[in-house]
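Note sheet for the following structure.
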Amino acid sequence: MSSDPVIRVEGVRKTFKLFQRPRDRIVELVSRRCLHKDFTALDNVSFTLERGTTMGIVGENGSGKSTLLKLVAGLLLPDDGRVDRLGKITGLLELGTGFNGELSGRRNIYLNGAYLRMSRKQLAEREQAIIDFSELGDFIDAPLKSYSSGMTMRLAFAIAFHADPDCFIIDEALSVGDVRFQQKCFSRLREFRAQGGAILFVSHDMNAVKLLCDKAMLLHHGVVRHLGEPDEAINLYNKVMAARGNSGDDTPTGYGNAAVRFTSVQLRAPDGSPLSVLTSGAPADIHFTYACREAVDGVTFGVMLRDRFGQDVFGTNGALLRTLADVRRDGRGCFHFPAMNIGPGVYSINLAAHTGTTHLENCFHWWDNAAAFEVVQDRDYFFSGHTRLSASLELYGAEHGKV
Amino acid sequence: MIDLWLLAASLCKQDLQERFAGAMLGSLWVFIWPLVQLFIYLVIFGKLMGGRFGGGDGQIYSYGIYVASGLLSWSCFANTLQRAARAFVDKRQIINKVAVDLRVFPLAVCLAELLPFALGAVLLVLANLLSGWSPAPALLGWTLLALYCQQLLAVGFGLFLACCAVFVRDTTEAVAIALQMAFWFTPIVYLPSILPEWAGYALAVNPMTHVVGIFQQCFVFGQGVSWASVAYMLLTSHAAAALGLYTLHRLNKDIRDVL
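Those protein sequence lines, which keep their order, are chains D and C. Here the first sequence stands for residues 1 to 403, numbered as in this note's numbering. Here the second sequence stands for residues 1001 to 1259, numbered as in this note's numbering.
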């Protein structure tokens, strides 16, 4: 069963012609002069997606992920190579296609369903199930324009889930609705996979890739850099992102009188290799370099980790760690973390150089969002929340055993 | 191919539903438009200008029916062409999200425009019967052929223009103006006989002259159909369809890239 492919992509190449003005395209057709520049979005990409498997596609922005999804969905046509769709493919990109605000939710089920290639008979059979899943109740007969955006998305998801595809294409779409509905969607997807459905999944959320995917592809500038184990793809992704960070195209910004200025920051593993994704509880070091314009005594270097909402998660500095610097020339330093005991999520690194215990008095340089990294779940120690506390469970007066 | 027609049919149904969704009179508007038009042309034009219209033998409705029969065909053609030319640009959200055969959109427009046409045609026949229809009911079959050519012309050319509109947005505006001019280049509100000879030749080049001519023959004159007219109409409409399909075939990939 698992060797039964749903999508087979072979040697696909996609080039976009970039024109300065849209009408140059017509001029070129007529005059046969070359007025465009070629941009190769994908080159020689091949993969197979079998039934019952989930494949993740990772890569930085502009690496060709979306183009690949559009090719697979049939929205774009390849210049070279072939895309075989051996089953019905529904994209969660197609959410709510053809919705009309003036019509009732019930009518919109039929509108959207037609685009998802569901027959009227199928729709009539599943209408009630869709309404139940969307939890819209009596609102289903109200015009769609009176719905909140959450209600609209719930309806759209409900229809997509009942379209009965052989393969779902998911493009970062699952971050809508409230948490409970999200979880309902996820469990529905798991059910779908267990029944032999395939999922093609694009995300920047390394945590989701690690947890959901059986295999992963790393795209880099339109070329497949890795296809196989998700862990390996994520490690390579790390390297790609870190290499980009080192290119030095973004110079440190922030405020301060710049007597001492940070020039670079990088998160590294203990062995010195750069990191952008790490497993919760793993060791990591924050390396920084600075430039000295004036000699200063008693400089405090500080670091603050913030979560994606900008809330402080952890911060410390030289004063608290009793390590002050008398800065005479350019130099470097490192904050060691023997165990990053924080929960999964994206964090930013913020740096400060000042005198005293806080940056409020005499600030040389405060560097906001100097770098970012992502923490993913440790497969061996699941937990929820922001902090990785050590915990164990002991039961009294009940039968129990180790699982 | 069957899928194409099925999807076009369901899009057409949606189109009609959506156009009048939220309106109090709903789909009644489909009936109201042809009724008002027919009233204008039959009563106002017919009454005011009927006397100056030769060949109608003094019937006050003759001129009105002449105008109405030409307009029935023209308005269906013009609406189809104009909306087909906008089809890709208007439906870009859908083309960007769902894999569909692009031909389906102009096709759906064509089907949707046939409904007001059919209603108008029924009303026109009723009006004809009320005024004691003397021309040739036998010619009704020819109007079906004319209708086929008229819509093929509109869809084929519309498909071509829809491809152009993706790259040059001015196309849709230009189409509106060109149609306005083409209206006066088609003998709908006047008789071709009032024109000087050279203008008559110019009119003959316009395929819609022949299409409209058949409708007028059927409802007003009843003199039969010229074979040359029919041949020219068939030739041009199929050429337009070929032009549209060829353009789409050549530009399919680019259209999807640009949208």
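Using N, Cα and C, we set each Cβ at its ideal position, and we do this for glycine too. Remember, predicted model here, so these are calculated numbers, not experimental data.
Per DSSP, D:F99 lies in no alpha helix (DSSP H) and is assigned neither H nor E. Against chain C, the CB of D:I159 has no partner CB under 9 Å away; the residue lies outside that interface.
Listed along chain D, the residues sitting closer than 8 Å to C:I1094 by beta-carbon distance are T97, G98, Y115.
Taking the C-beta atoms as reference points, C:G1132 is found no nearer than 9 Å to C:L1081. When only Cα atoms are considered, D:T152 and D:D138 end up about 14 Å apart. Of the other Cβ atoms in all chains shown, fewer than 16 fall within 10 Å of the Cβ of D:N369; this residue is therefore exposed. A direct Cα-Cα distance of roughly 27 Å separates D:E229 from D:S348. Just so you know, the alpha carbons of C:R1169 and C:L1102 end up roughly 18 Å apart. Around the Cβ of D:F39, a 10 Å sphere holds fewer than 16 other Cβ atoms; the residue is exposed. Between C:L1152 and C:H1238, the CB-CB gap stays under 9 Å. Around the beta carbon of D:E125, a 10 Å sphere encloses fewer than 16 other beta carbons of the protein chains shown; the residue is thus reported as exposed. Membership of C:C1149 in the alpha helix (DSSP H) is indicated by the continuous run 1140–1167. Taking all protein chains shown into account, C:I1095 has 16 or more neighbouring C-beta atoms within 10 Å of its C-beta and is therefore buried.
Taken in chain order, the whole alpha helix (DSSP H) runs of length 4 or more contained in the segment 102–190 of chain D are 105–115, 120–134, 149–161.
In this structure C:C1012 is buried. Its beta-carbon is surrounded by 16 or more other beta-carbon atoms within 10 angstroms.
The Cβ atoms of C:K1091 and D:L76 do not sit closer than 9 Å to each other. With a beta-carbon spacing of about 20 Å, C:Q1017 and C:C1076 fall beyond the 8 Å limit used to define contacts.
For D:A391, the three-state secondary structure derived from DSSP is coil. Under a 10 Å Cβ-count criterion, D:P270 is classified as exposed, with fewer than 16 other Cβ atoms of the shown protein chains found around its own Cβ. Note that the C-beta distance between D:V375 and D:V277 is below 9 Å. Between D:A291 and D:D231, the C-beta gap is not smaller than 9 Å, which leaves the two residues out of contact. For C:Q1151, the nearest beta carbon of chain D is not closer than 9 Å to its own beta carbon. Residue pairing for D:M340: DSSP places it in no beta bridge.
Closest by C-alpha distance to C:A1118, out of C:L1035, C:Q1014, C:V1205, is C:L1035.
Residue environment analysis places D:R117 among the buried positions, since at least 16 neighbouring C-beta atoms fall within 10 angstroms of its C-beta.
DSSP places C:F1185 outside both helix and strand once states are collapsed to three, so it counts as coil. Within 8 Å of the CB of D:A198, no CB atom of chain C is found; the nearest one sits about 17 Å away. The three-state secondary structure of D:C34, taken from DSSP, is coil. Chain D has no Cβ within less than 9 Å of the Cβ of C:A1112. D:E50 sits in a strand when the DSSP states are folded into three classes.
With fewer than three CB-CB distances shorter than 8 Å, the segment 57–71 of chain D does not count as touching the segment 23–34 of chain D.
Inter-residue distance for C:A1008 and C:A1108 is about 5 Å (C-alpha atoms, whole angstroms). Relative to D:V260, the option among D:A353, D:M340, D:C185, D:S203 whose CA is nearest is D:A353.
As computed with DSSP, D:D378 is found in a beta bridge with D:Y381. Between D:L42 and D:N100, the gap from beta carbon to beta carbon reaches 9 Å or more. The count of Cβ pairs closer than 8 Å, one atom from the segment 43–57 of chain D and one from the segment 6–16 of chain D, reaches three, so the stretches are in contact.
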